[in-house]
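Q: Protein sequence lines correspond, in order, to chains A and B. Counting in this note's numbering, the first sequence runs from 15 upward without gaps. Counting in this note's numbering, the second sequence runs from 78 upward without gaps. Glycine included, C-beta positions come from ideal geometry on N, C-alpha and C. If you scroll down you'll find the structure; I have some questions about it.
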Amino acid sequence: MPGLAGRMSTVVKAKISRMLDKTEDPGETLDYGYQKQTELLQNVKKGIADVVTSKKRLQMQSSKLEQQVVKLDTQARQALSQGREDLARTALERKNLAQTELQSLDQQVKELESQQEQLIANEQRLRQKIEQFRTKKEVIKAQYSAAEAQVRIGEAANGVGEEMADLGLAMQRAEDKTETMRARASAVEELEQAGAFDDITQLGSGQDDIDRQLSELTSGAQVDDELSKMKAELGSGGGDAPALEQGEEKA
Amino acid sequence: MIVRISGEGQFRLPDEDAGRLNELDNRAVSAVEQGDETGFQELWTQMLEIVSTDGNQIGDDELVESDVILPPRDITLEEARGEFTGDGLIPD
C-alpha cells in the first residue's frame, strides 16, 4: 500500500532490518542481544516515568488553578455586592483565563494518561514476545533441518523485531508529546508568575499592565455575560455584603 | 492478512479486506494532501473499523510479520502529513 500504511510499514521495516540484518542470522542477533533487549525495556521504563512526571506536574497546576477559579469567583461576587464593578470585572477576567487554561490542562492530562497505559501494555506484550521467541527457537531447532530451522527462526525474529520497532515508535511519540506538555506547563507557570491568576486582594502597583493584557486574552463578551448574571443573582439574593476575602500569601 | 495498528498489536483479517483498506488508505492520503481534517478523520475511522470488525487479535505467543502496518489510532492530520521518520528507541 502506497498510502499511510505504506509509509508506516516502510519506517517500521527499515528499523527491523537495521536491528536484525546486521548478522546473517537474525535469530542469533535476537537470541544473544540480551543487552539490546534489556536496554530497550529500560528505555521504556524511563519513558513511562517521564510521562508520569509530566502528568503530575500538569495535575498540580490544574488543582492550583481550580482553587484560583473558586477564589476569583467568590471575590467577583463580593466586589459586585460592594458596588465595585471594576474589581468584579478584573476578577472575572482572571477567572476566565484560569478556566480556559484549566480545560486545556485537563485534556492534556487525559492524553498523557492514555499514553502511559498504552506504553505499559506495549512493554508487556514485547516482554512476552521475547520470551516466546526464546522458547520457540529451541522447538524449531529440534523439529526442523538446520536450513529450514534458520528460515523459520528468521521469520519469528522478524515478528519480534516488528514489535520492538513499533514500541520504539510509540516511545518516540510519547517523548514528543511529553516535550510539548513540558513547554505547556512552563507557559502556564510563566503566566502564573506574571500574576495573571492572582486574586484581586493581591493587586498592587504594576497590575495595570497585566490587566490590560488579560482583557485582551479573555473574551470581553463572556465576562460581560457572567457579570450581568452575577448581578441578577446578587440582586435577588440581597443581604449584607461580606468584606473581600484575603488571598493566601504567595509562597 | 496480518494488520498491525501501531501501538496496539496485530490482527488477522480476511484477505478480501486488503482492497477495501487500500482504497480507503488512498483516499485518506488525498484528504491529508488537501488538508481536509474531517474527511481524513472519517476515512481513518472507517479503516480502523474494518480492523476491529473483521480482525482477530493475534496472541502474544504468535511471532509473525505484518502485511500492513497502520499508524497509531490517534494520529493527527499534522502527523499524517509528516513522514513518520525518526529513530525512537532503535539505534541505527
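Comparing the C-beta of Gly84 of chain B with each C-beta of chain A, is any distance below 8 Å?
A: yes
Q: In chain A, which residues lie less than 9 Å from Val141 of chain B when you measure between Cβ atoms?
A: Glu169, Ala170, Asn172, Gly173 and Glu176
Q: Using the Cα positions of Arg89 of chain B and Val80 of chain B, report the straight-line distance between them to the nearest angstrom.
A: Spanning the two alpha carbons is a distance of roughly 6 Å.
Q: By the 7 Å beta-carbon criterion, what residues does the stretch 129 to 140 of chain A contribute toward chain B?
A: Gln132, Asn136 and Arg139
Q: So what does DSSP say about Gly182 of chain A, is it helix, strand or coil?
A: Gly182 of chain A falls in the helix class under three-state DSSP.
Q: Return helix, strand or coil for Phe147 of chain A, following the three-state DSSP convention.
A: helix
Q: What number of angstroms, rounded off, separates the C-alpha of Arg71 of chain A from the C-alpha of Gly249 of chain A?
A: 41 Å
Q: Do we get a CB-CB distance below 8 Å when we pair Arg81 of chain B with the residues of chain A?
A: Taking 8 Å as the threshold, the shortest C-beta distance from Arg81 of chain B to chain A falls below it.
Q: Determine the chain A residues that contact Pro91 of chain B at a beta-carbon separation under 8 Å, and present them in chain order.
A: By Cβ distance, chain A contributes nothing, its closest Cβ being about 16 Å from Pro91 of chain B, past 8 Å.
Q: Answer yes or no: does any C-beta atom of chain B fall closer than 8 Å to that of Ser23 of chain A?
A: yes
Q: Is DSSP giving Gly175 of chain A helix, strand or coil here?
A: helix
Q: Out of curiosity, what's the CA-to-CA distance linking Val106 of chain B and Gln121 of chain A?
A: Rounded to the nearest angstrom, the two C-alpha atoms are 28 Å apart.
Q: Given that a residue counts as buried once 16 or more other Cβ atoms are within 10 Å of its Cβ, and exposed if not, what is Ala246 of chain A?
A: exposed
Q: Return the chain-ordered list of same chain residues with a C-beta closer than 6 Å to the C-beta of Ala157 of chain B, the five sequence neighbours on each side being excluded.
A: Val109
Q: Taking just the CA atoms, how far does Ser200 of chain A sit from Thr52 of chain A?
A: A direct Cα-to-Cα measurement between Thr52 of chain A and Ser200 of chain A gives close to 33 Å.
Q: Rounded to the nearest angstrom, what separates Arg141 of chain A and Ser23 of chain A at their Cα positions?
A: 22 Å
Q: Looking at C-alpha atoms only, which residue of B:Ile127, B:Val141 and B:Met78 is the closest neighbour of Arg207 of chain B?
A: Since the displayed chain B opens at 78 and closes at 169, residue 207 of chain B lies outside it and no answer follows.
Q: Identify, in the order they occur along the chain, each residue of the same chain with its Cβ nearer than 7 Å to the Cβ of Ile30 of chain A, setting aside the five sequence neighbours on each side.
A: Asn172, Gly175, Glu176 and Ala179
Q: Between the alpha carbons of Arg21 of chain A and Asn136 of chain A, how many angstroms are there, rounded?
A: 21 Å
Q: Report buried or exposed for Ser83 of chain B, applying the criterion of at least 16 other Cβ atoms within 10 angstroms of its Cβ.
A: buried
Q: Could you give the distance in angstroms between the alpha-carbon of Ser171 of chain B and the alpha-carbon of Ser68 of chain A?
A: Coverage of chain B is limited to positions 78 through 169, which leaves residue 171 of chain B absent and any answer about it impossible.
Q: In terms of residues, what are the limits of the beta strand (DSSP E) holding Leu147 of chain B?
A: Val145 to Leu147
Q: Using beta carbons (cut-off 8 Å, strictly below), is Arg158 of chain B in contact with chain A?
A: no
Q: Using CA atoms only, rank isn't needed, just tell me which of A:Leu241, A:Met244, A:Gln236 and A:Lys243 is closest to Thr114 of chain A.
A: A:Gln236
Q: Going by the beta-carbon positions, is the gap between Ala170 of chain A and Lys191 of chain A smaller than 8 Å?
A: no
Q: What is the rounded straight-line gap between the Cα of Ala95 of chain B and the Cα of Thr194 of chain A?
A: 36 Å
Q: Assign Val141 of chain B to one of three DSSP states: helix, strand, or coil.
A: Three-state result, Val141 of chain B: coil.
Q: Checking contacts by CB at 8 Å: is Gly41 of chain A closer than that to chain B?
A: no
Q: Among residues of its own chain, excluding the 5 on either side of Ala163 of chain A, which ones have a beta-carbon nearer than 8 Å to its beta-carbon?
A: Ile154, Lys155 and Gln157
Q: Near Thr153 of chain B, what residues of its chain come up, given a Cβ to Cβ distance below 6 Å and the 5 sequence neighbours on each side ignored?
A: Listed in chain order, the non-local C-beta contacts of Thr153 of chain B below 6 Å within the same chain number zero, local neighbours out to five positions each way being set aside.
Q: Identify each residue in the stretch 181 to 213 of chain A for which the Cβ-Cβ distance to at least one residue of chain E is less than 9 Å, and report them in chain order.
A: Of the protein chains in this structure, namely A and B, none is chain E.
Q: Among B:Ile135, B:Glu155 and B:Pro148, which has the Cα closest to the Cα of Met78 of chain B?
A: Cα-wise, what sits closest to Met78 of chain B is B:Ile135.
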